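J.: Structure below; questions to follow.
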Amino acid sequence: YSWLSVLPTKGLTDSLIEIHAETNDTGSDRTGEIQIRYGSITRTVSVLQSSQFDIISFADPEFKKYMCDNFDISEDNELQRYEAALITEIDCSGLGLTGISEISYCTGLKRLVCENNDIKEANVSYPSLKNLEEISFKDCEKLGRLWIHNKFRHEKKKITLPEDTKKCILVSDNYFEAGR
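Written as structure tokens, this is what we have:
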């Protein structure tokens with residue numbers, strides 16, 4: 001497989017080898033095998049590489065920068081789905097953000113603080129956000145719509161909204177409006 005390589009290839013002096021895989025931009029997962037021989041012992045290692053499309057595409061470049069600066073484990077200046085799934089808390093206050101829809105990939109998210117931003121709409125009703133316990137959009141004066149799942153509201157989770165809550169419409173599974 002031309003996309004896989006093993007270092008060192010000869011003269012192994014310790015028990016550590018490195019397997020390198022090129023970036024997968026094929027659009028689909030791929031599998032390869034490497035045979036490792038040491039004396040009379042032969043082992044086959046199977047490698048499954050996910051496609052490049054596991055990388056999350058961000059609509060707001062400032063939100064991408066925040067997410068990569070704080071949660072990019074692989075240090076490739078991209079946020080992958082597995083990295084997003086590990087996030088439990090986001091505090092992206094005061095960054096001038098206009099959108100945060102990619103939080104839907106943050107399946108472990110418990111706390112979202114997104115205060116003092118330029119967001120007009122936000123959706124925290126994704127089924128993937130079932131662990132969410134607290135949200136804050138304080139001082140997001142442009143916020144006009146906020147979708148919240150009914151379960152979140154009924155379980156009396158902590159919700160902080162801009163002071164003028166009459167202009168912030170909360171829409172749940174049953175589509176209710178706050179301030180009415």
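Note that the working numbering has the sequence shown beginning at 1, numbered continuously upward. Heads up, the beta-carbon is just placed ideally off N, CA and C, and yes, glycines get one too. It should be emphasised that the depicted structure is a prediction, and the values quoted were computed from it without experimental measurement.
Note down, in chain order, each residue of its chain lying with its Cβ closer than 7 Å to the Cβ of E62, except the 5 sequence neighbours on either side.
T.: Only L95, G96, L97 meet the Cβ criterion.
J.: How close, in whole Å, do the beta carbons of F115 and D139 come, if the pair is a contact with beta carbons under 8 Å?
T.: The amino acid at residue 115 is misidentified as Phe; the sequence shows Glu. Confirmed, Cβ separation roughly 5 Å.
J.: I need the boundaries of the beta strand (DSSP E) containing E33, first residue and last residue.
T.: Counting along the chain, the beta strand (DSSP E) containing E33 begins and ends at 30 to 38.
J.: Return the CA-CA distance between I135 and C92, expressed in angstroms with no decimal places.
T.: Using only the alpha carbons, I get a separation of about 12 Å.
J.: Hey, I90 and L112 are a contact pair by Cβ (cut 8 Å); roughly how many whole angstroms apart?
T.: Confirmed, about 5 Å.
J.: Please give the ranges of any beta strand (DSSP E) in the region 91 to 138, keeping only runs that are unbroken, at least 3 residues long and fully inside the region.
T.: Correct list: 111 to 113, 121 to 124, 134 to 136.
J.: Determine the DSSP secondary structure at F176, reduced to helix, strand or coil.
T.: Low per-residue confidence applies at F176: pLDDT is 33, beneath 50, and the placement is therefore not dependable, though the value from the model is reported in the following sentence. Three-state DSSP puts F176 in coil, outside helix and strand.
J.: When the distance is taken between beta carbons, is S46 closer than 8 Å to T23?
T.: Result no, Cβ atoms of T23 and S46 do not sit closer than 8 Å.
J.: Quick one: grab the DSSP three-state call for K142.
T.: It is coil, neither helix nor strand.
J.: Leaving out five residues on either side along the sequence, give the residues of the same chain with a beta carbon under 6 Å from the beta carbon of D54.
T.: The answer, listed in chain order, is Q80, R81.
J.: By Cβ distance, which residues of its chain are closer than 7 Å to E141, with the 5 residues on each side in sequence left out?
T.: Within the same chain, E141 has close Cβ partners P162.
J.: Is A85 buried or exposed, if buried means 16 or more other CB atoms sit within 10 Å of its CB?
T.: Answer is exposed; the Cβ neighbour count stays below 16.
J.: In chain order, what residues of the same chain have a beta carbon less than 8 Å from the beta carbon of W3, not counting five sequence neighbours either side?
T.: Only A21, E22, N24, R30, G32, Q49 meet the Cβ criterion.
J.: Taking L143 as the reference, give the member of I119, F58, S5, S125 with the closest Cα.
T.: The shortest Cα separation from L143 among I119, F58, S5, S125 belongs to I119.
J.: In the DSSP output, which residue or residues are listed as bridge partners for R43?
T.: BP columns for R43 point to I36.
J.: If you count every other CB in all the chains shown that lies within 10 Å of the CB of Y66, and 16 or more means buried, which is it?
T.: It counts as buried.
J.: Step through the CB atoms of chain B and report whether any lies within less than 8 Å of the CB of S74.
T.: The structure shown contains no chain B; it holds only a single protein chain.
J.: What's the C-alpha gap between I159 and F58?
T.: About 25 Å.
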